[in-house]
Amino acid sequence: MDMSSEQGVQVPVAVVTGAAQGIGRQIAEALAGEGYALVLADIKEPVETLAAVRGMGAESVAVVGDIASEAYADALAEGVHKQFGRVDVLVNNAGVSLLTPAEATSVEQWRRVLEVNLTGPFLLCRALGRMMLEAGSGSIVNIASIAGLHGVADRAAYNASKHGLIGLTRTLAAEWGGRGIRVNAVCPGWVKTEMDAADQASGGYTDSDIVERVPMARFAAPGDIAQAVAFLADPARSGFVNGIALPVDGGWTADASWTSLRLRKR
Ligand SMILES: NC(=O)c1ccc[n+]([C@@H]2O[C@H](COP(=O)([O-])OP(=O)(O)OC[C@H]3O[C@@H](n4cnc5c(N)ncnc54)[C@H](O)[C@@H]3O)[C@@H](O)[C@H]2O)c1
1 MDMSSEQGVQ VPVAVVTGAA QGIGRQIAEA LAGEGYALVL ADIKEPVETL AAVRGMGAES
61 VAVVGDIASE AYADALAEGV HKQFGRVDVL VNNAGVSLLT PAEATSVEQW RRVLEVNLTG
121 PFLLCRALGR MMLEAGSGSI VNIASIAGLH GVADRAAYNA SKHGLIGLTR TLAAEWGGRG
181 IRVNAVCPGW VKTEMDAADQ ASGGYTDSDI VERVPMARFA APGDIAQAVA FLADPARSGF
241 VNGIALPVDG GWTADASWTS LRLRKR
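For the sequence shown, this note's numbering gives the first residue as 1, with consecutive numbering after it.
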């Protein structure tokens with residue numbers, strides 16, 4: 001693990017998983033803009049994100065590996081401790097999608113989605129949470145989904161993983177809130193990223209399916225999610241917010257209108 005920063009950095013430190021692209025990249029840039037040093041975790045080299053946040057003046061390191069691995073999570077935490085001596089924010093953003101009918105989902109597919117989307121965040125919460133507990137402060141933001149709040153067909157493993165992630169969020173909020181650690185989740189609606197492009201390419205849905213369903217008549221932008229994360233990360237702005245699952249969905253989960261009614265209101 002290459003963490004080439006100087007020992008004992010004084011600026012707040014944020015770990016962002018899945019930082020190589022999409023929502024994770026925007027989160028990293030938003031936190032860099034707020035003065036955090038960044039640890040960028042991804043299964044692939046986050047080359048562009050690293051260049052972007054360094055270009056913004058943020059001290060940053062990349063730690064490449066699989067978040068579903070216990071050894072990786074523990075080594076990442078050890079490296080952060082050694083190089084920075086602190087961790088203020090953990091954003092569990094890395095995730096994988098799976099669009100398959102439940103009856104056609106293999107146990108290998110099911111396990112992998114659960115491993116990446118739920119076990120990985122648990123392992124990082126555990127490893128970095130120990131450092132936060134020792135310091136008596138910290139903020140963890142888990143990127144769930146509106147699929148963690150409602151059922152959506154053809155997503156048994158994905159939706160179960162996101163429901164589980166919200167359950168983990170609430171439990172850790174209850175368990176660690178009294179010791180200074182806040183744990184919250186952000187639940188994006190559909191966001192224009194490579195995950196969306198791949199899901200659409202597999203025939204799952206089209207742009208108009210999503211736009212018609214959302215009261216605000218658009219996809220989320222990665223920046224919409226990043227700003228919600230920046231809010232929840234910052235104790236000055238959200239210091240008494242703990243255990244929420246915040247939809248950032250343009251009103252999707254609030255809206256039980258039928259489609260023709262919704263469209264008549266535009
Ligand atoms: N795009 C959407 O519509 C949408 C909606 C709701 C929630 N989300 C959630 O937001 C998060 C980010 O999604 P995105 O759209 O930016 O996806 P994306 O596929 O564009 O990016 C995901 C990133 O996570 C990394 N990653 C995947 N598996 C990993 C692993 N095992 N270890 C480490 N890194 C890994 C990938 O390399 C990639 O850089 C995910 O948790 C996703 O479930 C996305």
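Ideal placement from N, C-alpha and C gives every residue a C-beta, glycine not left out.
Where residue 183 is concerned, there is no enclosing alpha helix (DSSP H), although the beta strand (DSSP E) around it starts and stops at 181–188. With contacts defined as CB atoms closer than 8 Å, residue 15 and residue 41 qualify as a contacting pair.
If you compare the alpha carbons of 225, 211, 226 with that of residue 219, the shortest gap goes to 211. DSSP places residue 140 inside the beta strand (DSSP E), whose first and last residues are 138–143. Unbroken beta strand (DSSP E) runs of no fewer than 3 residues, entirely contained in the segment 101–179, are found at 138–143, following chain order. Taking 8 Å as the cut-off, the Cβ atoms of residue 230 and residue 30 count as close. Around residue 244, the same chain offers 184 as residues with beta carbons nearer than 6 Å, after the five sequence neighbours per side are excluded. The three-state reading of DSSP puts residue 98 in coil, since its state is none of H, G, I, E or B. Assignment of beta-bridge partners to residue 42 by DSSP yields 64.
Taking 8 Å as the upper bound for CB-CB distance, residue 154 and residue 188 are not in contact here, some 18 Å apart. In the three-state DSSP reduction, residue 58 falls in the coil class, being neither helix nor strand. Of the residues assessed, residue 202 falls on the exposed side of the cut-off, its CB having fewer than 16 other CB atoms within 10 angstroms.
Annotation for residue 71: the continuous alpha helix (DSSP H) segment containing it runs 70–84. In this chain, the alpha helix (DSSP H) harbouring residue 259 covers 259–264. Closest option to residue 32, judged by alpha-carbon separation, among 226, 178, 135: 226. Around the beta carbon of residue 258, a 10 Å sphere encloses fewer than 16 other beta carbons of the protein chains shown; the residue is thus reported as exposed. With distances taken between CA atoms, residue 176 lies nearest to 136 out of 204, 197, 136, 148.
Taking each of 44, 264, 122, 97 in turn and checking the Cα distance to residue 191, the smallest one comes out for 97. Per DSSP, residue 16 lies in no alpha helix (DSSP H); the unbroken beta strand (DSSP E) holding it starts and ends at 13–17. With fewer than 16 other Cβ atoms inside 10 Å of its own Cβ, residue 239 counts as exposed. If you ignore the 5 residues before and after residue 161, its C-beta comes within less than 6 Å of the C-beta of 113, 114, 117, 118, all in its own chain and listed in chain order. Not one heavy atom of ligand 1 sits closer than 7 Å to the Cβ of residue 140. Judged by beta-carbon spacing, residue 28 lies beyond the 8 Å limit of residue 63, meaning their Cβ atoms are not closer than that value.
Looking at the backbone, the Cα of residue 36 and that of residue 87 are separated by about 10 Å.
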